[in-house]
Amino acid sequence: MLLRMYKRWAERRGYKVEVLDYQAGEEAGIKDVSILIKGENAYGYLKVENGIHRLVRISPFDSNAKRHTSFASVMVSPEIDDNINIEVEDKDIRIDTYRSSGAGGQHVNKTESAIRITHIATGVVVQCQNDRSQHKNKATAMKMLKSRSYVMQPYQQVKDTRSNEAYSNVSAILDGDIDAMIEGVLIAQNRQ
Numbered sequence: 055m056l057l058r059m060y061k062r063w064a065e066r067r068g069y070k071v072e073v074l075d076y077q078a079g080e081e082a083g084i085k086d087v088s089i090l091i092k093g094e095n096a097y098g099y100l101k102v103e104n105g106i107h108r109l110v111r112i113s114p115f116d117s118n119a120k121r122h123t124s125f126a127s128v129m130v131s132p133e134i135d136d137n138i139n140i141e142v143e144d145k146d147i148r149i150d151t152y153r154s155s156g157a158g159g160q161h162v163n164k165t166e167s168a169i170r171i172t173h174i175a176t177g178v179v180v181q182c183q184n185d186r187s188q189h190k191n192k193a194t195a196m197k198m199l200k201s202r203s204y205v206m207q208p209y210q211q212v213k214d215t216r217s218n219e220a221y222s223n224v225s226a227i228l229d230g231d232i233d234a235m236i237e238g239v240l241i242a243q244n245r246q
């Protein structure tokens, strides 16, 4: 539903939409999708969509007409221009190849054309399996990783909205050092 909503919004504004990675759900729906929306100020408009989205509705598939709640995570990052140089060294990433899933016939079943890149320091993971070519998938995944790294670079802090406290040691927090954050939330909850 969100994919359809964002595609229609972009089309109404005259933006171009390109699906970078699409993974169908186990039984139905979408497990994960990455799209690129190109157009003037697209990132500026869409960056407010970052976060967890909740949909509460009466499901048309439930004969008891019960309310169903669904959640979807949305991550918005800018497209990195070629004149912006973001260094990602080979020693800082792990690249995994695997067989694609979905349409593509025998080719996807026989070749490991899908790519997953993990940035070791931050734990950011990107993947791409849309193309039959491993090289194209790797280039797309690297571009996605650089885009997410670009968003993280200017903000050298983590802000916990539950306690309204900010922490500047981003790499330590992403490495699991979250005791101070947890204590801050517990103290904030005690004050209420």
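When we follow our numbering, the leftmost residue of the sequence shown carries the number 55, and every step to the right adds one.
C-beta: ideal position from N, C-alpha, C; glycine also.
Cβ-Cβ distances below 8 Å link lysine 85 to Gln77, Ala78, Gly79 in the same chain, with the five nearest sequence neighbours on each side left out; the list follows chain order.
Exclusion of the five residues before and after valine 178 leaves Thr172, Leu199, Arg202, Ser203, Met206 as the residues of its chain whose Cβ lies within less than 8 Å of its Cβ. Taking C-beta separations shorter than 8 Å and ignoring five residues to either side along the sequence, the partners of alanine 64 in its chain run Lys70, Val71, Ile91, Gly93, Ala96, following chain order. Taking the C-beta atoms as reference points, isoleucine 89 is found nearer than 9 Å to leucine 57.
Under the three-state reduction of DSSP, glycine 105 is assigned to strand. For arginine 148, the enclosing beta strand (DSSP E) covers residues 147-152. Contact annotation, valine 224 with glutamine 211: C-beta distance approximately 7 Å; criterion of less than 8 Å satisfied. Within a 10 Å sphere around the beta-carbon of aspartate 144 sit fewer than 16 other beta-carbons, which makes this residue exposed. With a beta-carbon spacing of about 18 Å, glycine 230 and serine 217 fall beyond the 8 Å limit used to define contacts. Between threonine 151 and alanine 168 a beta carbon distance of about 7 Å is seen, short of the 8 Å cut, so the two are scored as contacting. For phenylalanine 125, the pairing in a beta bridge is given by DSSP as Arg108. Residue pairing for aspartate 214: DSSP places it in a beta bridge opposite Glu219. Within its own chain, the residues whose Cβ lies closer than 8 Å to the Cβ of glutamate 166, once the five positions on either side in sequence are excluded, are Thr151, Tyr152, Arg153, Gln188, listed in chain order. DSSP, read as helix, strand or coil, puts isoleucine 174 in coil. It is roughly 18 Å from the alpha-carbon of serine 124 to the alpha-carbon of serine 117.
Annotation for isoleucine 112: Ala119, Lys120, Arg121, His122 place their beta carbon closer than 8 Å to its own, counting only its chain and skipping 5 residues before and after. Taking a 10 Å sphere around the C-beta of serine 131, we find 16 or more other C-beta atoms and assign the residue as buried. Taking C-alpha positions only, isoleucine 149 is separated from lysine 192 by approximately 9 Å. Following the DSSP letters along the chain, one finds glutamate 237 inside the alpha helix (DSSP H) bounded by residues 233-245. Ranked by Cα distance from valine 87, the options Lys61, Leu228, Ile227 are led by Lys61.
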